[in-house]
Structure formats: C-alpha cells, structure tokens
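*Asks:* Below you'll find the structure I mean.
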Amino acid sequence: MAEMQTIAPSSVNLMLTDPPYNLGEFMKQRETNLGQMRDNFFVSAGWDNGSDIIWVDLMESLFRQSSRIMAPGGSAIVFMSILKVEAIVTIAKKYGFYYKTTGIWHKRNPMPRNMNLHYINSTECWIYFVYKKRTGTFNNNGRAVHDFIETSVTPASERKWGKHPTQKPVALMKHFIDHLTDPGEHVLDPFMGSGSTGVAAATSERKFTGIEIENTYFTIAESRINEAADG
Ligand SMILES: C[S@@+](CC[C@H](N)C(=O)[O-])C[C@H]1O[C@@H](n2cnc3c(N)ncnc32)[C@H](O)[C@@H]1O
C-alpha cells in the first residue's frame with residue numbers, strides 16, 4: 055500500500071474498493087475442488103490465497119494509509135465476503151471510519167453452478183463508512199434508496215480490453231459514485247483490478263486514482279479508463 059503515500063492528505067472524497075477477500079485458505083480447508091468451484095463462485099486468483107495474518111496486515115495498512123488521505127466526511131465502500139465483514143468493521147473503526155451499514159449486491163444471472171446441490175452463490179456484500187463524521191454526501195434526489203443493489207454480472211462488452219476474474223460491472227460502481235460524491239470530486243480505488251471504478255468515475259466526471267499490483271490488470275484498466283474519459 056506504499057503507493058497511497060503519494061496521495062495528498064485529506065484529498066479523497068470516496069474510497070470505493072474491492073480488496074482480496076482471502077477465501078483461498080478457507081476453501082482449501084473445506085477440501086473444496088477449487089479448480090471447479092472458484093471460477094465465478096468465489097474467485098480463481100492468486101491474490102486470494104494469503105494467510106489470515108497477511109490479509110489482516112494488508113487491511114490494517116489500507117485503513118491506516120487511507121485515514122491520512124480521506125477528506126473528513128468522505129465515504130468508503132468496501133466490497134467483502136459476508137464472512138469477513140466483522141473483521142473489516144473492527145479495523146476500519148480503529149482508524150476513524152464511522153460504520154454506516156452493510157449492504158448486498160445481488161447478481162441477477164450468476165453461473166447456476168451445482169444448482170441441484172445447494173443455493174447458487176449470487177451475492178456479495180459492501181460495507182459503507184463515513185470518515186470522521188456521521189454523515190457524508192448522499193445524493194438520493196429525494197428518493198428512498200435501499201441497501202440492496204441488483205445488476206447482471208459483468209457483460210462481455212466490458213471485457214473487450216482483457217479479462218479479470220473478479221471484474222465488477224461499471225453500473226455497480228457508478229451507483230455508489232453518483233450517490234456519495236459530487237462531480238469533480240476525487241474517487242480512489244487502491245485495488246483497482248481491471249479499472250471498473252475508474253471507468254465509472256470517468257463516466258460521472260469525477261477525478262480518479264487507481265492502484266493495482268499486477269501489470270496485466272493495470273494495463274487493462276488504463277485502456278478502459280482512457281476510452282471512457284475520451285467519451
Ligand atoms: C478483487 S480484485 C478487484 C477487481 C476490480 N474491482 C475490478 O472490477 O476489476 C482485487 C485486485 O487487487 C489486486 N491486489 C492485490 N493485492 C494488492 C496490493 N497489495 N496492492 C494493489 N493491488 C493489489 C489484485 O491483483 C486484484 O486485481
């Protein structure tokens with residue numbers, strides 16, 4: 055998370071991010087056939103295999119670094135597996151993030167994998183915080199907005215620059231950016247992957263900073279965001 059040190063203090067209005075869920079070890083202990091199960095179920099990606107200690111350190115580092123660069127009253131949305139919500143809330147509170155709610159993202163059309171054996175995995179959650187205040191920007195235009203959002207899985211048209219195994223749909227990211235920031239404000243995604251947050255930020259005319267450890271994904275993100283910014 056060293057790259058976050060280059061971001062100006064108190065300059066981020068929304069941190070919208072989808073960090074590693076770290077479910078690799080959990081699935082292994084259950085003797086799950088990862089090869090068959092993880093694709094479109096949890097994830098099929100090396101970054102998700104760290105030990106719990108490494109994952110907690112990474113999340114501590116994320117919130118410690120972000121507490122320096124968040125504007126007071128700025129918001130954070132962190133996607134996470136339901137199993138890890140409590141761990142994230144505990145860490146975030148230590149660094150001045152006020153917990154608002156845990157919401158659900160429902161995928162309308164997930165792969166119906168093993169549909170005769172168990173419930174199809176079709177949800178992920180997102181945790182909503184406000185930094186140093188109890189409320190932040192909330193552009194609801196007078197409408198009641200539920201803590202539940204439903205979209206289809208990422209469409210093929212959003213994968214034309216290359217594939218990422220856990221790519222989020224742009225519509226999902228735009229939902230949060232439009233509610234929680236105003237045009238011209240600064241959105242950060244420190245685990246940018248293929249750049250869906252950046253594409254949504256460009257579409258909604260927000261400034262964007264993205265960080266990604268894997269060159270291949272960084273290149274995909276750059277191409278997607280540049281294309282969105284060019285309109
Ligand atoms: C769950 S994915 C994010 C996917 C993204 N939301 C998208 O729509 O493509 C998490 C990403 O974090 C990256 N990552 C893991 N550890 C990282 C670190 N220490 N610093 C920056 N990126 C990291 C992984 O390479 C992966 O692309």
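With positions in the sequence shown counted from 1, the corresponding number in the numbering used here is that position plus 54.
Cβ atoms here follow ideal geometry from the backbone N, Cα and C, with glycine treated the same way.
These figures come from a predicted structure and were not determined experimentally.
Count the CB pairs spanning the stretch 246-259 and the stretch 122-141 that are closer than 8 Å, and state whether there are at least three.
*Replies:* With a cut-off of 8 Å, the stretch 122-141 and the stretch 246-259 do not count as touching, because too few Cβ pairs lie within range.
*Asks:* Below 8 Å on the Cβ atoms is my contact criterion, and I expect Val241 with Asn76 to pass it. Report the Cβ-Cβ distance as a whole number of Å.
*Replies:* Actually they do not touch by this definition, with Cβ atoms about 24 Å apart.
*Asks:* Tell me the DSSP secondary structure of Lys261 in three-state form.
*Replies:* DSSP places Lys261 in strand when its eight states are reduced to three.
*Asks:* Taking all protein chains shown into account, decide if Met227 is buried (16 or more other Cβ within 10 angstroms of its Cβ) or exposed.
*Replies:* Its Cβ being crowded by 16 or more others within 10 Å, Met227 is buried.
*Asks:* Drop a sphere of 10 angstroms on the beta-carbon of Asp236, count the other beta-carbons inside from all chains shown, and report buried for 16 or more, exposed for fewer.
*Replies:* Asp236 should be labelled exposed.
*Asks:* Based on DSSP bridge pairs, tell me the residues matched to Ser129.
*Replies:* The partner list for Ser129 (beta bridge, DSSP) reads Leu68, Val184.
*Asks:* Where Pro126 and Asn193 are concerned, what is the direct C-alpha to C-alpha distance, given to the nearest angstrom?
*Replies:* Taking the straight line from one Cα to the other gives about 17 Å.
*Asks:* Could you tell me which of Tyr153, Asn175, Phe151 sits nearest to His160, measuring between CA atoms?
*Replies:* Measuring from the Cα of His160, the nearest candidate turns out to be Asn175.
*Asks:* Hey, out of Gly128, Ile158, Pro166, whose CA is closest to Glu204's CA?
*Replies:* Answer by Cα proximity: Ile158.
*Asks:* Going by C-alpha distance, which of Ala282, Tyr149, Ile123, Asp243 is nearest Phe262?
*Replies:* When only C-alpha atoms are compared, the closest one is Asp243.
*Asks:* Please report the Cβ distance between Met69 and Gln119, rounded to the nearest whole angstrom; I am assuming they are in contact, meaning their Cβ atoms lie under 8 Å.
*Replies:* Contact doesn't hold; Cβ gap of about 10 Å is too wide.
*Asks:* Compute the distance between the beta-carbons of Phe183 and Ala141, then report whether it is under 8 Å.
*Replies:* No, Cβ-Cβ distance for Phe183 and Ala141 is not below 8 Å.
*Asks:* With a cut-off of 8 Å on the beta carbons, I'd call Val143 and Ile107 a contact; round off their distance for me.
*Replies:* Val143 to Ile107, Cβ: 19 Å. No contact.
*Asks:* Let me make sure I understand the geometry here. Which of Val224, Asp232, His233, Leu234 has the alpha-carbon closest to that of Met246?
*Replies:* Residue Val224 is the option with its Cα nearest to Met246.
*Asks:* If you check the beta carbons only, do Val139 and Cys179 fall under 8 Å apart?
*Replies:* Going by C-beta atoms, Val139 is nearer than 8 Å to Cys179.
*Asks:* For a test of the three-state rule: what should DSSP assign to Gly252, helix, strand or coil?
*Replies:* Helix, per DSSP.
*Asks:* Taking the C-alpha atoms as reference points, what is the distance between Pro209 and Lys217?
*Replies:* Looking at the two C-alpha atoms, the distance is approximately 11 Å.
*Asks:* Which of the three DSSP states, helix, strand or coil, is assigned to Leu171?
*Replies:* Residue state, collapsed to three classes: coil.
*Asks:* With distances taken Cα to Cα, identify the nearest neighbour of Thr251 among Trp109, Glu212, Asn269, Phe202.
*Replies:* Of Trp109, Glu212, Asn269, Phe202, the residue nearest in Cα terms is Glu212.
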